[in-house]
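Protein chains in written order, with my numbering: chain W, 42 to 402; chain Y, 7 to 372.
Reviewing the structure listed below.
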Amino acid sequence: MFKKKLAVLLAATMVVASVVGCGGASQEAAAPAADAPAAEAEAPAAEEEAEAPAAEEEAPAADAAASGDLIKVGIINNDPNESGYRTANDKDMKETFTEENGFDASFAYSLKNDEQIAAAQKFIQDGVDYLLLSAADTAGWDSVLKDAQDAGVRVILFDRTIDADESLYEASIVSDMDAEGQTAVDWLASQGLDEYNIIHIQGVMGSAAQQGRTGALDKMVAENDNWNLVTQQTAEWNAEKAQQIVQSVIDAGTPFNVIYAENDDMAKGAVAALDAAGISHGVDKDVIIMGFDTNKWALEELQKGNWNYDGQCNPFQASYIKDIIETIQGGGTPSEKVVIMQEKGFDAKEITQEDVDTYGI
Amino acid sequence: MQTTGKKKLGVSGLLGKLVRQQMFIPLAALLLLALFNLIVDPGFFQVSLGYNNAGNPVLSGYLITILDYGSELAILAIGMTLVTAASGGQDISVGAAIAISGSVILRVLCGRDSRPETLQAPIIVAFLVACVVAMLFGAFNGALVAYFRIQPMVATLILYTAGRSIAAWINNNELPIISEPSFAYFGGYIPGIPVPTPFFLALICMIIIAIVLRMTNLRLYTQAVGINESSSRLNGLNPELIKVLSFVILGLCVAVAGLIKVSRLSTINYSVVAKDIEMDAILAVALGGNPLGGGKFNMTASIIGAYVIQFLTTTLYKLNVQSDALPAYKAVVVIVLVVLSAPTVKDYFAGLGKKLKSQSMSKEVG
């Protein structure tokens, strides 16, 4: 009897784990719950706006902190342990939204969309002034953001865009993932290989980073006959999975000359598999290695010539967000709805120590 | 050996005897997978000798990959089998515990600097510290189960949730990277030996557990506690101690698996290292035909079960199945296993066997 229960649980967990990736579950049912505190939340928000401009005149931060009248921000981010990029991003957030700077920040972390939506609902109920959001998945945010709007909570997206109406958020500070992908693919095209046999290792399916970085490559492969995908698999930002995927291609004996990994961790896993199989990689070697996110250690691999290319994804959005919050608190509106950050791509042949120090995260 | 004598009983009787063997399930699954691969692509079984980038000879091929990645699972299956037998439940915090022990190893090796030029401590010291830490966490789980009588899955849910954060905290949320090449031997190859090291580590664990099971009363005591706790107490055993012990042994297995995991890439990623590995470990125990409600166990069957699961994973990778869809396929295996071992289905097959037997008997008589 017990055995049966357990096994059903086990099976259910596994199935759920595989389905969750699709995310975007309807949150309709939970929506009414958030409606109730809407009226209460509206009052403090209005107060805040009246008070804030006055405080702005003289040392706003210190003043705000002293009076205990902090701006409440709820920050929903992905798990900071996910990657070096996320660690740097989270650190930047924590250093910017401090009490000294006049903020009362609460953090919620999850790699899963449904958990993030639940966290957003909690923040709205807690009556935060601002909801800062880096969504795990692009879909499924409409209803909860509408709740936020009704409750007078201002939403600012950072790092990742979502599929929702622009009126639902104040601003979004993002990396242009499509441009990142395009820069990388253009660089690859400029290498002038006769044939491109690419192992494409994707991030968590559905994330903006994955879609942008995949899109550019997919387009190129579709348009050119000499560009082939040997395999296209998601390793979910996981180095070990990337290692197994590449191992599988090596075991099959299929020839390839490019590894296009959508982040540095996965590129590292792929390289570990190549090393074990005695396949040379890097500048002027058999296999071209491409990664994203410009981790410091990854740029050092570029310097050593073990990798060929690394695309930047700027994790430092906190200062942009702070500027926008200050503008709104001052009664203004942000000049641009979508702020796109400058990003570069690094070639192993041209990278300098200065680049590593400046852009490494 | 006794086939000639048994022939009179008929094929069905022999088959029934074979099916009732515990080893039948994992071996049949292995055979099925092997046969499937043989039909789809015989190249699956090709093993070739090459050289890695360090210039050392290495074997490569799908079978070697299975041996490589299946080994860490086999190590975990050893501990999980004991926990299952003694407590009648499973430890779902294994993946998180691997993150912790891996993090401890890196912390000891790196000291304060997250990217040291030289190792700050010998690898064996780091490993031993990780063993102690992992055994302590095992004892924590065990104590919750044995003394506080919390259902094992619920008790280990605590560490399952908190473990990865603890792992990150141990290293101040930094991502240490070890540049020392000898550290990579444990998850890769020792120079000159073309077989992946994890296999040898698994072999050592298997030999140790085989000796322990043979020389001590661990098997008897564990099974006694698992079958009937109060009667084992009446017979002078201490069921609580046995349960805690099983979790501590699993902790030791976790430390070994953790060493392999961090050695593979010489670094760690707290949120994804050994993700969902507990499900595979539990599946290995189930595939080995061990009752998940505790009691009797067959260690060899569990270990074979572990390699069968890796066989399945590797096969699915080879077929280019999307890696995020893998759990769904494994779920199918779980469902089939559970249905086959359900009492109603067992009774049905037993009835069917008897019917066949009586039919053939009546034919012989007639």
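From the three backbone atoms N, C-alpha and C, an ideal C-beta is built for every residue, glycine too.
As the structure is a computational prediction, the values presented were derived from the model and not from experiment.
Would you kindly work out how many angstroms separate the C-alpha atoms of residue i and residue j, rounded to a whole number?
i        : j        : result
Y:Ser252 : Y:Asp282 : 21 Å
Y:Ala161 : Y:Val151 : 6 Å
W:Asp204 : W:Arg127 : 22 Å
W:Glu141 : W:Glu123 : 28 Å
Y:Phe42  : Y:Phe317 : 11 Å
Y:Ala287 : Y:Ile72  : 15 Å
Y:Asp353 : Y:Lys302 : 20 Å
W:Asp388 : W:Ala220 : 16 Å
Y:Phe50  : W:Val379 : 51 Å
W:Thr295 : Y:Ala348 : 43 Å
Y:Leu39  : Y:Leu226 : 34 Å
Y:Leu55  : Y:Val201 : 10 Å
W:Asp364 : W:Tyr210 : 16 Å
W:Pro356 : W:Tyr150 : 16 Å
W:Gln232 : W:Gly401 : 24 Å
W:Ile362 : W:Thr224 : 26 Å
Y:Gln328 : W:Ala280 : 16 Å
W:Ala82  : W:Ala189 : Per-residue confidence for W:Ala82 stands at a pLDDT of 41, beneath the threshold of 50, marking its modelled position as unreliable; the derived number appears in the next sentence. Distance between the alpha carbons of W:Ala82 and W:Ala189: 10 Å.
Y:Leu115 : W:Lys337 : 20 Å
Y:Ala337 : Y:Leu289 : 9 Å
Y:Leu82  : Y:Ala263 : 7 Å
W:Ala102 : W:Leu173 : A caution first: W:Ala102 carries a pLDDT of 43, below 50, which makes its placement in the model unreliable, though a value can still be read off. If I take the Cα positions, the gap works out to 19 Å.
Y:Ala35  : Y:Thr321 : 13 Å
Y:Arg170 : Y:Ser99  : 10 Å
Y:Pro182 : Y:Val110 : 11 Å
W:Tyr237 : W:Val271 : 9 Å
W:Cys354 : Y:Asn234 : 59 Å
W:Ala159 : Y:Tyr75  : 36 Å
Would you mind telling me which residues of chain Y sit closer than 7 Å to residue i, beta carbon to beta carbon, in chain order?
i        : result
W:Asp316 : Asn58 and Asn59
W:Asp292 : Ser66, Gly67, Tyr68 and Thr71
W:Asp306 : Asn275
W:Ala313 : Arg270 and Leu271
Tell me residue i's beta-bridge partners as DSSP assigns them.
i        : result
W:Asp120 : For W:Asp120, which the question treats as bridged, DSSP gives no partner whatsoever.
W:Tyr350 : W:Met331 and W:Asp388
W:Lys345 : Per DSSP, none; premise fails for W:Lys345.
W:Trp268 : W:Tyr237
Y:Ser56  : Reading off the sequence shown, one finds Gly at residue 56 of chain Y, where the question assumed Ser. For Y:Gly56, which the question treats as bridged, DSSP gives the partners Y:Val64.
W:Thr275 : W:Gln243
W:Ala149 : W:Ile117
Y:Ile341 : DSSP output for Y:Ile341 lists no bridge partner at all.
Y:Thr273 : Y:Ile183
W:Val379 : W:Ser213
W:Ile112 : W:Phe144
At a CB-CB cut-off below 8 Å, which residues of chain W make contact with residue i?
i        : result
Y:Ile183 : Trp338
Y:Val201 : Neighbours of Y:Val201 on chain W: none; closest Cβ ~12 Å, over 8 Å.
List the whole-angstrom C-beta distance separating residue i from residue j, where the pair is believed to meet the contact cut-off of C-beta under 8 Å.
i        : j        : result
Y:Ala92  : Y:Lys249 : 5 Å
Y:Ala140 : Y:Ala312 : No, Y:Ala140 and Y:Ala312 are not in contact; Cβ-Cβ is about 19 Å, not under 8 Å.
Y:Gly108 : Y:Ile274 : 5 Å
W:Val169 : W:Val114 : 6 Å
W:Gly310 : W:Ala276 : 7 Å
W:Gln243 : W:Gln274 : 7 Å
W:Gly332 : W:Ala317 : Not really, about 19 Å apart at Cβ, beyond 8 Å.
Y:Ile266 : Y:Ile84  : At roughly 14 Å, the Cβ-Cβ gap does not stay under 8 Å, so Y:Ile266 and Y:Ile84 are not in contact.
Y:Ala230 : Y:Leu219 : With a Cβ gap of about 14 Å, Y:Ala230 and Y:Leu219 do not count as contacting.
Would you mind telling me which residues of chain W sit closer than 9 Å to residue i, beta carbon to beta carbon, in chain order?
i        : result
Y:Lys406 : No answer is possible for residue 406 of chain Y: it lies beyond the span of chain Y, which begins at 7 and ends at 372.
Y:Gly194 : Ala313, Asp316 and Ala317
Y:Asn179 : Pro121, Asn122, Thr128, Asp131 and Lys132
Y:Arg170 : Asp120 and Asn122
Can you pull the chain W residues whose beta carbon is under 7 Å from the beta carbon of residue i, in chain order?
i        : result
Y:Arg220 : Neighbours of Y:Arg220 on chain W: none; closest Cβ ~28 Å, over 7 Å.
Y:Asn326 : Thr272
Y:Ala174 : Asn122
Give me the chain Y residues within the contact set of residue i, using Cβ-Cβ distance strictly less than 8 Å, ordered along the chain.
i        : result
W:Lys309 : Leu271 and Thr273
W:Ser321 : Asn59
W:Gly125 : Leu181
Give the interface partners of residue i over in chain Y, defined as CB-CB distance under 9 Å, in chain order.
i        : result
W:Ile286 : Tyr323 and Ser329
W:Ser289 : Tyr68, Thr71, Thr320, Tyr323, Lys324 and Asn326
W:Met246 : Gln328 and Asp330
When every heavy atom of the ligand SAM is checked, does at least one fall within less than 6 Å of the C-beta of residue i?
i        : result
Y:Ala173 : In the structure shown, the ligand SAM is absent, as is every other ligand, since no ligand is present at all.
### Query
At what residue ranges does the segment 155 to 215 of chain W contain a whole run of the alpha helix (DSSP H), taking only runs of 4 or more?
183 to 191
### Query
In chain order, which continuous runs of the alpha helix (DSSP H) of length 4 or greater are located wholly inside the segment 218 to 264 of chain Y?
You should have 224 to 233 and 235 to 240.
### Message
In chain order, what are the residue ranges of uninterrupted alpha helix (DSSP H) at least 4 long that sit wholly in the segment 95 to 176 of chain Y?
### Response
100 to 116, 129 to 152 and 158 to 176
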